[in-house]
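End of the sequence shown sits at 116 in the numbering used here; the numbers just go up one at a time, nothing left out.
In this text, a Cβ means the ideal position worked out from N, Cα and C, and glycines have one as well.
Nothing here was measured: the structure is a model prediction, and the numbers come from that model.
To start, the structure itself, in structure tokens.
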Amino acid sequence: MEIVLAFVVGGLVTAGVYLMLRRSIVKLVLGIAVLSHAANLLIFTLGRLRDNQPPLIPSDAAVLTGPFADPLPQALILTAIVIGFGVQAFALVLLKRAYQTVGTDDLDAMNTTDT
């Protein structure tokens, strides 16, 4: 299963980089979003796929008993999702403002305007 996820991460990275290299700002924002999802899936895959217990100490025990899931990848992914959402929201607002000012979403056309 981890090999399949590795190929999926590779495909998402490829699609994200392809979209980021296009001349449209909309495709640039979509590429950043896809690349963010690829990074999240990579962290999830590196955390190992296991069917273990959550890392909670039972009330009748002093320490964890048996194998437990690592909470660090989950915390990193949750943080990355929140940061990615903020970056995407900012990029969409910036995109809207740039389109209102220049009238196009083509990066080359924006570079040559004197507005």
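- prompt: How far does the alpha helix (DSSP H) with M111 in it reach, from first residue to last?
  reply: 108 to 112
- request: Evaluate N112 with the Cβ neighbour count: other Cβ atoms within 10 Å of its Cβ, from every protein chain shown; 16 or more gives buried, anything less gives exposed.
  value: N112 is exposed by the Cβ-count criterion.
- request: Give a yes or no on contact between the region 17 to 24 and the region 36 to 43, applying the rule of three or more CB pairs nearer than 8 Å.
  value: The region 17 to 24 vs the region 36 to 43: in contact.
- prompt: What does DSSP give as the partner residues of S25 in its beta bridges?
  reply: DSSP output for S25 lists D107 as bridge partner(s).
message: Between the region 55 to 70 and the region 3 to 20, can you find at least three pairs of beta-carbon atoms closer than 8 Å?
response: no
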